[in-house]
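Trainee: I'd like to ask you about the structure that follows.
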Amino acid sequence: MSAIGVFVPPALILPRKGKNPFLYKDAPNGTLPLISETGYMDSYLFIDWLKQFGKHAKPSAEDPVLLIADNHTSHFSLPSVLFCRENHITFLTLSPHASHVLQPLDKCLFASLKALYSSEAEKWLVQNPGKVTLSPLDKDCTVAVAPEENELSPPTSQMDISIKSIVLLPRNE
Numbered sequence: 001m002s003a004i005g006v007f008v009p010p011a012l013i014l015p016r017k018g019k020n021p022f023l024y025k026d027a028p029n030g031t032l033p034l035i036s037e038t039g040y041m042d043s044y045l046f047i048d049w050l051k052q053f054g055k056h057a058k059p060s061a062e063d064p065v066l067l068i069a070d071n072h073t074s075h076f077s078l079p080s081v082l083f084c085r086e087n088h089i090t091f092l093t094l095s096p097h098a099s100h101v102l103q104p105l106d107k108c109l110f111a112s113l114k115a116l117y118s119s120e121a122e123k124w125l126v127q128n129p130g131k132v133t134l135s136p137l138d139k140d141c142t143v144a145v146a147p148e149e150n151e152l153s154p155p156t157s158q159m160d161i162s163i164k165s166i167v168l169l170p171r172n173e
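Each residue of the sequence shown is one higher than the one before, starting from 1 at the first, in the UniProt record's numbering.
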């Protein structure tokens with residue numbers, strides 16, 4: 001999600017050795033299916049995601065893009081730095097243990113998405129006792145939790161309030 005409301009489809013990383021298209025069938029349109037042995041982001045998967053990001057953000061020399069991310073080690077590989085430089089992406093990482101204070105989307109988008117997902121997952125677990133699955137939500141729940149492109153965009157006023165709520169830190173000059 002950008003400050004102007006542009007939605008970049010998510011990457012969905014599953015802990016697997018091989019891709020199974022069935023696991024991604026109800027994912028939002030444009031979802032980037034990724035796998036790793038651990039199910040976590042690594043520097044190779046991050047390059048794949050950066051390519052997805054560039055495809056949707058469409059940065060150029062005339063209109064570069066600022067990408068703000070947490071301080072995860074997968075973001076610090078030389079290939080990712082070079083990719084960003086070559087593709088007009090200014091990459092800014094937040095200080096460790098500060099993303100919850102500095103990132104406006106944590107306040108206006110992800111908090112409500114997390115609450116909605118937890119609620120739907122809890123309903124599913126109550127209605128399906130004893131079932132175990134990687135994707136506990138049926139198609140209707142998935143649509144409610146992960147809507148189509150731009151459907152979840154918060155109002156501009158909500159984004160403005162979230163951006164204004166960021167704690168400003170003094171600059172060292």
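We put the beta carbon where it would ideally sit given N, CA and C, even for glycine. Bear in mind that the values here come from a model prediction, so they are computed numbers and not experimental data.
1. Is it true that the CB of leucine 94 sits closer than 8 Å to the CB of asparagine 71?
2. Please report the residue range of the alpha helix (DSSP H) in which alanine 57 lies.
3. Please report how far the alpha carbon of leucine 12 lies from the alpha carbon of lysine 51, in whole angstroms.
4. For the structure I just gave you, are there three or more beta carbon pairs, one from the segment 85-92 and one from the segment 51-70, closer than 8 Å?
5. With DSSP as the reference, label threonine 38 as helix, strand or coil.
6. Along the alpha helix (DSSP H) that carries proline 79, what are the first and last residues, could you check?
7. Evaluate contact between the segment 36-44 and the segment 65-83, counting only Cβ atoms and requiring at least three cross-stretch pairs below 8 Å.
Mentor: Based on what the coordinates show:
1. yes
2. 43-57
3. 15 Å
4. yes
5. coil
6. 78-86
7. yes
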